[in-house]
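So the protein lines, in turn, are chains E and B. Start counting the first sequence at 902; every next residue gets the next number (the numbering used here). Start counting the second sequence at 296; every next residue gets the next number (the numbering used here).
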Amino acid sequence: MSGKNSGYLDMELLRFTTAGSVDDGKSTLIGRLLYDSKAIFEDQMEAIERASERAGGEQVNLALLTDGLRAEREQGITIDVAYRYFATPKRKFIIADTPGHIQYTRNMVTGASTANVAIILVDARLGVLEQTRRHAYIASLLKIPHIIICVNKMDLVQYKEDIFETIKNDFEAIASKLSVKDVRYVPISALDGDNVVDRSKNMDWYQGPTLMYLLENIHIGSDINRDDFRFPVQYVVRPQSREWPDYRGYAGRVASGVVNVGDTLMVLPSGFSSKVKSIDLFGEQYQQACAPLSVTITLDDDIDISRGDMLVKVGNGQPPRVDQNIDVMICWFNEKKLVIGGKYALKHTTSEVKCMVKEVQYKVNISDLEKEHNNLEVGMNDIARISLRTTKPLFFDSYNVNRTIGSIILIDEATNETVAAGMIV
Amino acid sequence: MDKYQINHLKELEAESIFVIREVAAQFEKPVMLFSGGKDSIVMFHLALKAFWPAKVPFPLLHIDTGHNFQETLDYRDRLMEKTGAKCLVALVQDSIDKGRVKEETGYNASRNKLQTVTLLDAIEEHKFDAAMGGGRRDEEKARAKERFFSHRDEFGQWDPKNQRPELWNLFNGRKNMGEHFRVFPISNWTEMDVWQYIYMEKIELPSLYFTHKREVFERDGVILATAPFMKLRDDEKPKVIDVRCRTIGDITCTGLTLSSANTIEDIIQEVAASRVTERGGRADDKRSEAAMEDRKKEGYF
């Protein structure tokens, strides 16, 4: 292919989440990123212009781009997580755009679960608010590896450096209490585009990168755990055809680490070991596979392995923990409150078990980040630490070291609804 | 890129294969919807990859409006023969004959909306509990809020305000009797990703996607193909020009693009330079601002 597009084939994928309410200029910022990277097409632009006119606005309201459902447009609010896409020659981006109101904590958690980067917007006039703390806490709870604090509306504070510095210091005080490793700060004006894609002419004092430069260059290669090979078996491939009478492959997605042909793997829960005979994908044979590839693995020995089992590499790093009693940080998603002593279905990797809630240890007050030990009633949007007992042992890593192998969801068996997201402590 | 870095197309592929395998594992009787358009062709290609060297463990289902381009039907039949997959066909004409739906009349008559009934009837008849579709979130704003696993009630309806939260790679496909799921394995792909992947994987496409001479006419700024069932107004004059399809639906609502692109590379260049969305040419979306949302709620693809 000619030079221009062949480069596109080598883009990395970066997922980020944006937290903030309408007033922070979040939708304007997303509109700006999409517009400046030419991801908005003419017919979409015309539709927004028409809608802006109808709403009586003077300026084209880029925020309208992100209101997908009729109820959202009518009420002028965002109800659900919306996914947006744009690309630059370096990276393809997936934005999980989540509403920031307190009652939508569950949407923020959902958007954060797969993100590499969280963008948190702070209004330069208002500084660090309770809401900023909440967003930062959720980003740290969900272990988003990188946080970018965008101090927005710098145009409304005369682009003053000391305002930016104050906000930076205030947030650093919060970050030191949370386990966030990588925090960056950028002073921007989303409305005018200052330091979003192009460097601002109004803030000579800021020598750091623009937001787009950060998004394109933040190192995400180490975001995935590269040490501990974990492969939850998703599906057993058995063609039983004339051409492949004895083929028995274990299909799944590498959750973390790396596997090579010839490596010795252990099967959980049985504990048997065998060597990797081949790593297949559609007739292609790989010598090696790393996260997050989907492949099919065959082994030298015939071992009874089924969906829900896990292949792990022996002899490097930590083996997974095996236990029926687990402690979990949960975010509750349902109007029906958590029942202590109640039974739920639990999904973990490709396995499903039942569990019982033994106790609620504490709730986290999401506004001041203090632990509450007195009021232990867990309802919609609450975050709590609970203890569970499962009917069968789980093999897992803590969420801190492995986001895929350390995460669970709880399902109400009467309604089939997903009632909680959990991070294993 | 460092040693373990994989490119965006391989990562999207891995995600979609994971979703397709989850469907095969979690449901008893899944089906994959197939339209003969590029998105469903890519989705089927991913299914072939997911289960190789075994055959795809579910059938395909084509909802045939009776207004398809012949090239689409020929391509479908060739593909099934080549891969040994099974494709069921449900005819909108049958739904009309049975009185389940009423044919639209007038100049802009289309069977697009009628497909929903045919689809829901086919799902009920075969007792399918999951139907995979090639919908992408970047296509349309109502789709931007769609889940990978989208729950449908016993009437096949979507309730956008009451969707199940979807976190990490944990997909909840539990349901009651009579309910089903719509699953969208390529949710996170953009139009450009689809074309780049077709290029990378050397996937064969129907000839409609490449430039060809066709008799067309213009209506409301959209170029449409002529066909025996297309009623032309007096001022609409057919002419033969070089066009290609950017998306393929049925003839009544597929806007054609003036184009001389005859390779995938040409198409990628064209998409990269394009200033209107691919659905900009779809008459079915022009009906109102919430046209897609309304159709989706009723059980559309």
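Note that the Cβ used here is the ideal one computed from N, Cα and C, for glycine as well.
Residue i: first and last residue of the uninterrupted alpha helix (DSSP H) it sits in
i	result
W1233(E)	Run containing W1233(E): none in the alpha helix (DSSP H); it sits in the beta strand (DSSP E), R1222 to W1233.
L1112(E)	L1112 to N1118
L935(E)	K927 to D937
D392(B)	V387 to D392
K305(B)	H303 to Q321
H340(B)	K333 to F346
R1034(E)	E1031 to L1042
For residue j and residue i, the rounded distance between their alpha carbons
i	j	result
T400(B)	K526(B)	10 Å
L1194(E)	E306(B)	7 Å
F994(E)	N1235(E)	30 Å
P501(B)	R1139(E)	32 Å
G908(E)	E565(B)	Residue confidence for G908(E) is low, a pLDDT of 44 falling below 50, so the modelled location carries little weight; the figure read from the coordinates is stated next. Cα to Cα, G908(E) sits roughly 16 Å from E565(B).
M902(E)	C540(B)	Confidence at M902(E) is low in this model, with a pLDDT of 35, below 50, so its placement is unreliable and the value that follows should be read with caution. If I take the Cα positions, the gap works out to 22 Å.
S1080(E)	T1011(E)	19 Å
M427(B)	V337(B)	12 Å
V1058(E)	D1071(E)	17 Å
F479(B)	T1251(E)	19 Å
S390(B)	A556(B)	38 Å
R371(B)	D1224(E)	50 Å
R442(B)	E323(B)	20 Å
H1274(E)	I1241(E)	15 Å
T918(E)	A1192(E)	21 Å
A997(E)	R1286(E)	26 Å
Element boundaries [beta strand (DSSP E), containing residue i]
i	result
M1257(E)	S1252 to V1265
L553(B)	L551 to L553
Q1219(E)	Note, Q1219(E): premise wrong, no beta strand (DSSP E); not H, not E.
S445(B)	F444 to R447
K1238(E)	Looking at the DSSP string, K1238(E) is not in any beta strand (DSSP E), and its letter there is neither H nor E.
N1126(E)	Careful: N1126(E) lies outside any beta strand (DSSP E) and carries neither H nor E.
K1214(E)	M1211 to K1214
DSSP state of residue i mapped onto helix, strand, coil
i	result
F1173(E)	coil
T367(B)	helix
D1105(E)	coil
A1025(E)	coil
H421(B)	helix
P990(E)	coil
I562(B)	helix
Q452(B)	coil
Y1300(E)	coil
T1015(E)	coil
M495(B)	helix
T413(B)	helix
S1157(E)	strand
E279(B)	This structure gives no information on residue 279(B), because the portion of chain B shown stretches from 296 to 596.
I1068(E)	helix
S330(B)	coil
Neighbourhood of residue i by C-beta, 6 Å cutoff - its chain only, sequence neighbours within 5 removed
i	result
N1226(E)	R1290
M1257(E)	K1244 and R1290
G1028(E)	I1068
A1076(E)	V1084
D911(E)	none
Q1190(E)	Per the sequence shown, the amino acid found at residue 1190(E) is Ala instead of Gln. V1155, V1160, I1180 and V1196, listed in sequence order.
Proximity below 8 Å, CB of residue i to CB of residue j
i	j	result
R1131(E)	I1306(E)	yes
K333(B)	I493(B)	yes
R1034(E)	C1232(E)	no
N446(B)	F423(B)	For the sequence presented, residue 446(B) should be read as His rather than Asn. Not closer than 8 Å, so no.
E913(E)	I1121(E)	yes
I543(B)	T367(B)	yes
D1129(E)	N1303(E)	yes
F1297(E)	P1170(E)	no
Q410(B)	V384(B)	no
Y1300(E)	S1288(E)	no
G1375(E)	I1198(E)	Residue 1375(E) lies beyond the residue range present for chain E, which begins at 902 and ends at 1326; the question has no answer from this structure.
Sequence-distant residues of its chain with Cβ nearer than 7 Å to residue i (five each side left out)
i	result
T319(B)	Before going on, a small fix: residue 319(B) reads as Ala here, not Thr. Result list for A319(B): P325, P352 and F353, in chain order.
K440(B)	P455
I622(B)	A question about residue 622(B) goes unanswered here, because the residues of chain B that appear run from 296 up to 596.
R514(B)	E531
Cut-off 8 Å between Cβ atoms - residues of its own chain near residue i, not counting five sequence neighbours on either side
i	result
T558(B)	F505
K905(E)	Note on K905(E): pLDDT 41, under 50, position unreliable in the model; the coordinate value appears next. For K905(E), where only same-chain residues beyond five positions count, there are no Cβ hits under 8 Å.
D1205(E)	S1171
A1315(E)	none
Closer than 8 Å to chain A by CB, residue i
i	result
L1194(E)	The question asks about chain A, but that chain is absent: this structure's protein chains are E and B.
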